[in-house]
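When we follow the working numbering, the leftmost residue of the sequence shown carries the number 549, and every step to the right adds one.
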Amino acid sequence: MKAKVAGALLTIIVLSGCASTAGNQSIKNETQQSIASKIMKGRTTKQDILQQFGEPTRKTTVDTNEDMWFYSIMNSNMSATSYIPIVGIFSNGTDMKSKALTITFERDKVDSWSLSESSDTVHAGL
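Structure (structure tokens):
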């Protein structure tokens with residue numbers, strides 16, 4: 549019985565891998581379509597954006613009347629095979645996904661926005 553429980557726990561640990569998330573969680577599930585429905589050029593204000601997404605990851609003043617706000621999130625998952633003895637030496641890796649929302653304001657209203665996503669897999673081992 550103990551062997552079955554230990555085997556089940558080991559399987560869960562190996563299959564779960566190691567995950568890490570950093571950045572602004574508010575954009576985690578956003579898409580081009582969802583952002584387009586929430587941000588209207590010339591109408592959406594900075595206060596609207598703060599209510600919708602919270603504080604940005606970074607703010608930059610471009611000109612006296614122009615500001616840029618950046619929201620970003622990154623998620624990395626270590627491959628489950630990385631935890632298998634001996635196998636991990638040859639085939640460990642990490643899957644990385646990132647998403648960034650950039651909003652440009654003219655005075656207090658949205659002038660433009662862009663949402664970008666990227667995925668990458670980093671392999672290591674012998």
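Glycine included, each C-beta is placed from N, C-alpha and C at the ideal position.
Residues of the same chain with a CB within less than 6 Å of the CB of residue 665, apart from the 5 flanking positions on each side, are 647 in chain order. A residue is called buried when at least 16 other Cβ atoms come within 10 angstroms of its Cβ; residue 598 does not meet this threshold and is exposed. Taking every protein chain shown into account, the CB of residue 611 has fewer than 16 other CB atoms within 10 angstroms, so this residue is exposed. Under DSSP, residue 577 forms no beta bridge with any residue. Cβ contact annotation for residue 593 (same chain, cutoff 8 Å, sequence separation greater than five): 656, 657 and 658, in chain order.
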